[in-house]
Structures are given as C-alpha cells and as structure tokens.
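Each remark here refers to the structure printed beneath this line.
2 protein chains.
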Amino acid sequence: MSLQETMLQAIEEELQHQVSRLDQPRTKQFHEMLTYHMGWAGEGSGPEAAGKRIRPLLVLLTTSSLYEETKSNNTNRNNWLHAKSAAAAIELIHNFSLVHDDIQDNSDKRRGRKTVWVKWGQPMAINVGDALFVIANQSVLDLAKHYPADVVVKAASILNNCCLDLTCGQFLDMSYEERKDLSIEDYWPMIGGKTSALLSACTHIGALLGNAGEAAQEAYRQFGYHLGLAFQVQDDILGIWGDESITGKSAASDLVEGKNSLPVLYALGKNGKFAERWQQGPITASEVGRAASQLESEGARKYAEDVSEKETQKALSYLEDANPQGEAGESILKLANMLLKRKQ
Amino acid sequence: MSLQETMLQAIEEELQHQVSRLDQPRTKQFHEMLTYHMGWAGEGSGPEAAGKRIRPLLVLLTTSSLYEETKSNNTNRNNWLHAKSAAAAIELIHNFSLVHDDIQDNSDKRRGRKTVWVKWGQPMAINVGDALFVIANQSVLDLAKHYPADVVVKAASILNNCCLDLTCGQFLDMSYEERKDLSIEDYWPMIGGKTSALLSACTHIGALLGNAGEAAQEAYRQFGYHLGLAFQVQDDILGIWGDESITGKSAASDLVEGKNSLPVLYALGKNGKFAERWQQGPITASEVGRAASQLESEGARKYAEDVSEKETQKALSYLEDANPQGEAGESILKLANMLLKRKQ
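So the sequence lines, in the order shown, correspond to chains Y and S. Heads up, the first sequence is in the numbering used here, so the first residue is 2 and it goes up one at a time. Heads up, the second sequence is in the numbering used here, so the first residue is 2 and it goes up one at a time.
Here it is in structure tokens:
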C-alpha cells in the first residue's frame, strides 16, 4: 500500500472510532444518523458516499512531510500516526458544516443520497450537525495522548478559530442572497471563510504536529489558504463553463442556482448586460447557455481564470517555501494539482 | 457590592468581550444576532432578557469557594477572576443549545422576546447557534492565558464531554415525541443530558480551576449533577401543579405541550386512566385541571416530590463533602436553595 492509502485507511478507522462515542444502547439511532452521513451505513453507503477525505489526508501528509527535517529529533517515520485524531477532527468539522448547510440551503441530496434532514427531519439534523461538531472538538483534544498539552491547546485554537471563520463565511453567503449590490470585494471574505479557512487549518495543524518551526508552519498555513482560494475559483469556473462529464453535475447549474460565484460578482461589478439580467431574477435552464456566453463576453471567465492561476502560483510558491519532504511531500504536490485540475 | 454582584458584572463583561469576536465591519449584523439573543441589544433587551447567568456564577463561586483550602499555595482572594473565560464558555454553551432548541421545538418566544429564528429565519439561527458554540470553545481555550496547558485541556474536555451528553439528551427528548411506550427509566438519561450535564460541568470546571484535589473535584461534580436532577424534577412539578404567579408561565402548560416530564412518565408506567388519556392525543387547555388531578390521584405528584427531595439531599450531601469556604461557599448554598425553591 502507498503511504496515502495507508493514511486513508487510518483516517477512516479513526473517524469510526471517534463517532462510536454515540454507539450506546439508548442512542443507537443517533449513532446511525452520523454513520449514515459519514457514508458508512444505510442506503447508498460506500466510498462514493464518504467523499475523498482530502482534508484529513492533507493534515497527515503535512505532518509526515516534516519527517526529514525533524529526524534529528528522533521523530520516527510514522510520526503522522499520532496526528490521526486531529485529521479526524478536521473531517468532522467539514461534515458538521455540510449537515447544517444542507438544511440551510434546503438541499435534498448530498453525494447522490438523501440528506440527513430529508431522512430524519430538520430538528434531528440540527442535532446531528451539533454532535459532529462536539466530537470534532473531542477528537482534537485526544491529541493529549501523544502531544504536550500546549501543542494540544494550540491545535484546538487553530481549529476553533477556523470554525468561527466558517460561521462568518456562512453568514456572508446567506446574507448575500438578498443583496443586489454585490461586487468582487464581497467574494473574498465569504470564500476565505467558507473554503480556505478549513484547508489552511489542515496544513497549519499538520505542520504544528510535525514539529515544524514558526516559519514553516506559516508557509504551510499560507499554502493551504491559497490552495483553498484557487480551488474555489476553479470550482466556480467549472460550475458555469465546466463539462458536465467532468463536474458530475449539470453544467452551468450555478447560474440557475443563483450562486454568487466569482465570475458573477465580477460581472455585477461591471454593471453590464449580464448584471441587468441577473438582477431581474432567477436565470432559467433554457437561458443558461446564453447567460454563460454573455458572462464570458464581459470578461468574467478570463478574469476568474487569471485569478485562479495567480492563487495557484501563490499556493505552490508557499509550498516550495514549506519544502515538504519524502513520499508525503510528493503526495501533497499531487493532491494540490488534482484539486486544481492541473496536469502534473 | 457583594461578591456575587461583582462576579455577575465580570461575567457580563467577559461574555461581551468573547462575543465581540464577531464585531467586524462585514459581520455587524451577525454580531447583532448574538447580542440580541444574549439580551444586550434589540427590542426588549435588559437583565430580564439576559437571564440569571446561574451557570457561570456557579463556576466562579466554586472556584472562589476553594480559596481557603489553597491559600497556602499563594492563591489570592480573587483567584476566580482567572476563571472568567470558562464561566463565559459555559453560558455560551447554554445559549447555543437554547437557540437550536427554539428552532427544534418551533418556539417563537424566549424570555418574552421573539426567538432568533423568528427574527432572522431558521438558516441564520442555525448559524447563530453554531457561532455561540465555537465562541464557547474559544473562551475555554482562553484559559491558557492564566492556567497551565494541561488544566486548559482538562477544562475543554469536561466542557465537550458535557456537550456530547447535551446532544444525546436532545436526541432522546426528540425521539420520545413519537413514542407511546415510555416509562420512568427513559427519564433519567434524557434529563441527565439535557439539564444535569451542564450543571455538573459548572462545578467540575470551577473546582478544577480552584485547584481542588481529585476528591474535591468529584464532590463538586456530583453536587452539580444532583442539583441539576433535583432542579429539573422540581421544574417538572411546577410545570403541572405550580402557581402561575410563581412559575411565570401558564400552570399545567407542560401537559398541554405534551412534555415527557417525570410525573407523566411515572403515570405512563402505571398504565392507568391518565396513561390511557395521554396516549389518545394532546390534552386540551380545558382538560388540564382534570388531567392534573388524575395524575396526582395516581401518585405521580407524591412520587416526583419524593424524588426531588432525595436528589436535593444527595446534592446537599455532596456539597457538604466539597466543603466550600468563605462568602463564595455561603453563596453556593443560597443559590442551590434558590434553584430548589427551598427556604434557607
């Protein structure tokens, strides 16, 4: 097995171990709700339903990529094993936000399966999200089994600071739904909270647990942050101009859903024909091709592609500063390229 | 000012300080949602809207009551000042659960004011609860400014273990709504999670931060736990047989609301006339007097009063073991008696 495969297996076991806190006689059904959402149980369960576990993988690869630098400190090659519960914490935070997002967005499907609120109702789903959040905190505190308490406090602080950013990003996203006066300046704080905060927490915590110095921690943190921005902008572009067979969802659906993506906010700032149409109300499925062309002719696609490229370069430059080592280092670069849909 | 008044003022300042993390240019309205819920802003704000802050007070009184025991360690008389952020954490957890409860129960009023979800909608209210939870975690981690990291990790662990109990209690409460086969045995795990877990976390964390030994920590923890049980049973009794002028809500409303309180579960276990009527569907306002009398004639009131008295005695016995000192110690006893509606 490759290092990455070994890690993915360890992540899944650790997640199941952490969630099993609810596997008690009186709370079997509650436990079932979480195992369903995590993709382990119920109709349609399996790897597809679980998702790619990219975030926890990024934590462990980061920790492991610091091996060469710290081998003089007697850190062994499997130093990432001790970081498992922090990796689980990040994935649980991600899933807590998905469960609550699905209620907030009224989404009835998640990775092709019914969402938790559709299966068990909104009140239960709110509680499922809350439990995932609590268990995330318990998981990060479990680091105390292997790390000095001050490292645990720092990891827990990074995690919760990131969570506050998540709630702020979510607030902005929801509050934008009613606004007609948005422009690009409104994009970054929303995406910074919704996407980049968690990815930067992955690499920051991973570096901390790999015993990186302050400068290396900062380089890894910035790498994660800009990776998140580049990934999100890339996703925004694919959401409008992507080939359906690539994205796995109806191309241009972001326009129908009224999503305040970067290309849209760029065009709103231009106040041209697209902005005029957008402000009149929802774009229908039959208009989607025309709207996407209009958006492109106003320079929105080019702008977003330039931004994505710039953020990608920033991310890769910080990764170079971080100088990840060994097989883990190679895997991080591959993972970043995969996220950014780039050829190696 | 009495010690208690000084503490209440410090608690309010600390809570405002913690919540001000959201007071940023782009998240003013988000911040406003939290300050509204906390009772500081918006229509109907003021001490009534804020609630009594009993839980954080219990944290600080516990810490302070350990002064005499630890003065040989150079702990000063204001040792509780350093525990402020943990007290705030507990109150924020309490309020996070209230905001989500109000959505789950479809309640439109909280302390006489519109609930957050009524004012800003359910999606925003879910996010407000999430933010209160995050800030609670950030608050408890703020202890690192004054305490060794291992104490901070322990306090954060107690807090999050208690939160998992809260979500389990909430799960049980919601799952009971559909069940017709409940009995007393189903009561304790629900109430243990919904009410006692948080009160025991107050006294446990307070004792930890007052530098109590293991035995004293356990005595304080048990005191808080049984105080919670006694308080909840007392509340259940008042919810059915209480004088409206005392409880501040329509007497017997718990029967109309279909609440699975201890007297009701006792009677369901007896399977008599009350159980038969209960299982036929909601009790109407006009039936309430008759239903309460029936419940009393089947021994449910006497049973609940005996349980409340037994739990009260247990709580007070653990408090005696804990042996709280000074003005803080006296205040804890007064607070317990006030919660249990007992004369001093």
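Just so it is clear, CB atoms sit at the ideal spot from N, CA and C, and this is done for glycine as well.
Check	Outcome
For R278 (chain Y), the residue or residues it bridges with in DSSP	Paired residues: none, contrary to the question.
K85 (chain Y) (DSSP reduced to helix, strand or coil)	helix
Inter-stretch contact (C-beta, 8 Å, three-pair minimum) for the segment 151 to 160 of chain S and the segment 201 to 209 of chain S	yes
Range covered by the alpha helix (DSSP H) that runs through A217 (chain Y)	E215 to W242
Paired residues, beta bridge with K115 (chain S) - DSSP	S:K110
Segment contact flag, the segment 104 to 124 of chain Y with the segment 31 to 41 of chain Y, C-beta cutoff 8 Å, min 3 pairs	yes
Minimum length 3: unbroken beta strand (DSSP E) runs contained in the segment 282 to 315 of chain Y	none
Nearest-angstrom Cβ-Cβ length linking G327 (chain S) and Y68 (chain S), presumed shorter than 8 Å	6 Å
Rounded C-alpha distance that separates Q281 (chain Y) from F275 (chain Y)	10 Å
Residues within the segment 171 to 199 of chain Y neighbouring chain S, beta-carbon criterion of under 7 Å	Q171, F172, L173, M175, S176 and P190
CB contact below 8 Å: C164 (chain S) versus chain Y	yes
Residue interval of the alpha helix (DSSP H) (run including A42 (chain S))	Taken as a continuous stretch (DSSP letters only), A42 (chain S) belongs to no alpha helix (DSSP H), as it is neither H nor E.
Given L62 (chain Y) as reference, the closest of Y:S98, Y:G47, Y:A42 and Y:A11 once Cα atoms are compared	Y:A11
Alpha-carbon to alpha-carbon, E299 (chain S) and D244 (chain S)	21 Å
Contact with chain Y by L82 (chain S), beta-carbon distance below 8 Å	no
Min CB distance A145 (chain S) to chain Y below 8 Å	yes
Within-8 Å CB hit, T28 (chain S) to chain Y	yes
Residues of its chain near T313 (chain Y), where Cβ-Cβ distance is below 6 Å and the 5 sequence neighbours each way are ignored	A231 and L341
CB contact check: S158 (chain S) to chain Y, cutoff 8 Å	yes
First through last residue of the alpha helix (DSSP H) which encompasses S176 (chain S)	A150 to Y177
Residues in the segment 202 to 226 of chain Y having any Cβ partner in chain S nearer than 7 Å	none
Contact with chain S by H38 (chain Y), beta-carbon distance below 8 Å	no
Supposed close pair F31 (chain S), C163 (chain Y) - CB separation, criterion 8 Å	About 17 Å separates the two Cβ atoms, so there is no contact after all.
C-beta neighbour in chain Y for I136 (chain S), strict 8 Å	yes
Given A216 (chain S) as reference, the closest of S:M339, S:D322 and S:M2 once Cα atoms are compared	S:D322
Bounding residues of the alpha helix (DSSP H) (the contiguous stretch that carries R56 (chain Y))	I55 to S66
Closer than 8 Å to chain Y by CB, T168 (chain S)	yes
Residues near S309 (chain S) in its chain [Cβ-Cβ closer than 7 Å; skip 5 each side]	A231, V234, Q235 and I238
R302 (chain S) and A292 (chain S) closer than 8 Å at C-beta	no
Contacts around E13 (chain S), its chain only, beta-carbon distance under 7 Å, and the 5 residues preceding and following it disregarded	none
Same chain only: Cβ atoms within 8 Å of Q123 (chain Y), ignoring 5 sequence neighbours per side	I104
Y148 (chain Y) vs H83 (chain Y) beta-carbon contact at 8 Å	yes
At least three beta-carbon pairs within less than 8 Å, the segment 332 to 339 of chain S to the segment 255 to 262 of chain S	no
Own chain partners of A145 (chain S) with C-beta closer than 8 Å, once the 5 adjacent residues on each side are dropped	V153
Residue burial classification, P264 (chain S) (beta-carbon count within 10 angstroms, cutoff 16)	buried
Minimum Cβ-Cβ distance from M125 (chain Y) to chain S less than 8 Å	yes
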